[in-house]
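Below: the structure, in structure tokens.
Numbering (my numbering), first residue to last: 98 to 281.
This is the structure we're talking about:
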């Protein structure tokens with residue numbers, strides 16, 4: 098990887114393509130977790146790689162490349178979320194189209210229940226404050242160490258641990274009703 102980075106810093110397009118191939122899926126999954134919409138996640142992922150490419154000369158090997166790339170990803174997502182929040186206050190969301198709310202009755206009951214559980218879990222995760230949700234995603238879904246998360250989010254390692262602990266406490270509390278209904 099270090100070799101590709103050095104080559105990409107000198108303008109080698111093939112080396113940068115290798116970097117994109119190595120990180121595209123991980124960055125897309127992180128963006129999707131934060132923004133929730135696949136099409137938007139694709140756009141933001143492209144935006145992230147454009148930022149990585151244009152700022153590649155600034156990368157120093159003092160930190161891992163993945164940490165640097167995730168920092169760019171996180172900041173880009175937060176910028177997008179802030180922009181969306183401003184737009185929503187200016188233009189309230191329209192009512193859902195009836196087609197969006199219809200349930201696909203063709204699916205098997207088990208698939209429906211599994212999908213419903215996944216959606217409820219995602220909704221529960223979405224209820225967490227951004228700072229807790231981000232730490233949880235980076236820790237459990239991206240499998241990053243506390244130090245890597247601290248570097249990405251620019252916070253002390255102890256704060257990462259505290260945020261993760263509080264996120265898990267809140268999740269347990271929020272998931273209580275699902276457990277009572279026997280869905281978990």
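Using N, Cα and C, we set each Cβ at its ideal position, and we do this for glycine too.
Only a predicted model underlies this, so the values are computations on that prediction, with no experimental measurement involved.
Taking C-beta separations shorter than 7 angstroms and ignoring five residues to either side along the sequence, the partners of residue 149 in its chain run 166, 169, following chain order.
When C-alpha distances from residue 230 are compared across 248, 266, 99, 140, the shortest belongs to 266.
Straight through space, the alpha carbons of residue 212 and residue 218 are spaced by roughly 10 angstroms. Going by beta carbons, residue 124 and residue 162 fall outside the 8 angstroms limit. Between residue 154 and residue 116, the alpha-carbon positions lie close to 14 angstroms from each other.
In the three-state reduction of the DSSP assignment, residue 107 falls in the coil class. DSSP places residue 182 in the helix class (H, G or I) of the three-state scheme. The beta-carbon separation of residue 225 and residue 171, rounded to 16 angstroms, does not stay under the 8 angstroms limit for a contact. Counting of Cβ neighbours within 10 angstroms places residue 244 among the exposed residues, the total staying below 16.
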